[in-house]
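Asker: Numbering (the working numbering) for the sequence shown: 9 to 152.
Virtual Cβ for every residue (Gly too), placed ideally from N, Cα, C.
As the structure is a computational prediction, the values presented were derived from the model and not from experiment.
So that we are looking at the same thing, I have put the structure below in structure tokens.
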Amino acid sequence: MKILIINGPNLNLLGEREPSVYGKKSFDEYFTILQFKLREVELSHFQSNHEGEIIDKLHEARIHFDGVVLNAAAYTHTSVAIADAVKAIQIPVVEVHISNTLARENFRKHSYIAPYASGVITGFGMKSYELAVLSFVELPDKNE
């Protein structure tokens with residue numbers, strides 16, 4: 009199984025940005041641990057601060073991957089275009105957030121992506137990514 013993790017804006021600063029909210033590990037540090045723990049899954053990751061690059065990567069993923077773990081970060085709450093891309097591709101997408109977005113500012117409580125995602129995992133810190141990848145083991149095909 010091949011899974012792509014896509015991280016949106018400012019997630020390149022994990023480990024530095026608001027460690028009380030996002031933790032002290034960089035994503036690269038966490039990704040190495042995740043690859044070791046989930047050796048049976050071929051994991052790749054991509055990060056961009058640019059909406060169009062995230063959309064392009066989602067389009068590419070439909071050809072090369074079995075599923076996507078998407079942390080669109082702030083774009084979750086603003087991007088109809090990313091939501092449309094998730095809706096358009098024929099592979100499952102699990103929306104992920106490190107923090108519990110429902111316990112934060114009001115604008116973070118709405119996701120444009122969630123209606124088109126196979127599921128949403130929020131609030132478990134970096135472990136949210138692991139839970140999302142594990143969900144693909146039992147996740148039904150998006151077309152069923």
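In whole angstroms, what is the alpha-carbon distance linking leucine 66 and histidine 105?
Answerer: As a working mapping, residue 66 is identified with position 58 in the sequence shown. As a working mapping, residue 105 is identified with position 97 in the sequence shown. Near 17 Å, if we compare the C-alpha coordinates of histidine 105 and leucine 66.
Asker: For asparagine 20, tell me which candidate among Asn57, Gly31, Phe39 has the shortest Cα-Cα distance.
Answerer: Walking along the sequence shown from the start, residue 20 turns up at place 12. For asparagine 20, the nearest C-alpha among the options comes from Asn57.
Asker: With a cut-off of 8 Å on the beta carbons, I'd call valine 128 and leucine 46 a contact; round off their distance for me.
Answerer: Numbered from 1 along the sequence shown, position 120 holds the residue referred to as residue 128. Numbered from 1 along the sequence shown, position 38 holds the residue referred to as residue 46. Between leucine 46 and valine 128 the Cβ distance is about 20 Å, and since that is not below 8 Å, they are no contact.
Asker: Here's the rule I'm using: 16 or more other beta-carbon atoms within 10 Å means buried, otherwise exposed. How should alanine 125 be labelled?
Answerer: Walking along the sequence shown from the start, residue 125 turns up at place 117. Buried.
Asker: Who are the Cβ neighbours of glutamate 37 in its own chain at under 8 Å, not counting the five residues just before and after it?
Answerer: Position 29 of the sequence shown holds residue 37. Only Gly23 meet the Cβ criterion.
Asker: What is the DSSP secondary structure of glutamine 55, counted as helix, strand or coil?
Answerer: Locating residue 55 in the sequence shown gives position 47, counting from the first residue. Reduced to three states, the DSSP call for glutamine 55 is strand.
Asker: Name, in chain order, the residues that DSSP records as bridge partners for threonine 130.
Answerer: The residue labelled residue 130 in the question sits at position 122 within the sequence shown. Looking at the DSSP assignment, threonine 130 forms a beta bridge with His105.
Asker: Would you kindly check if the distance between the Cβ of alanine 91 and the Cβ of isoleucine 1 is under 8 Å?
Answerer: For residue 1 there is no data in the structure shown, the boundaries of the chain being 9 and 152.
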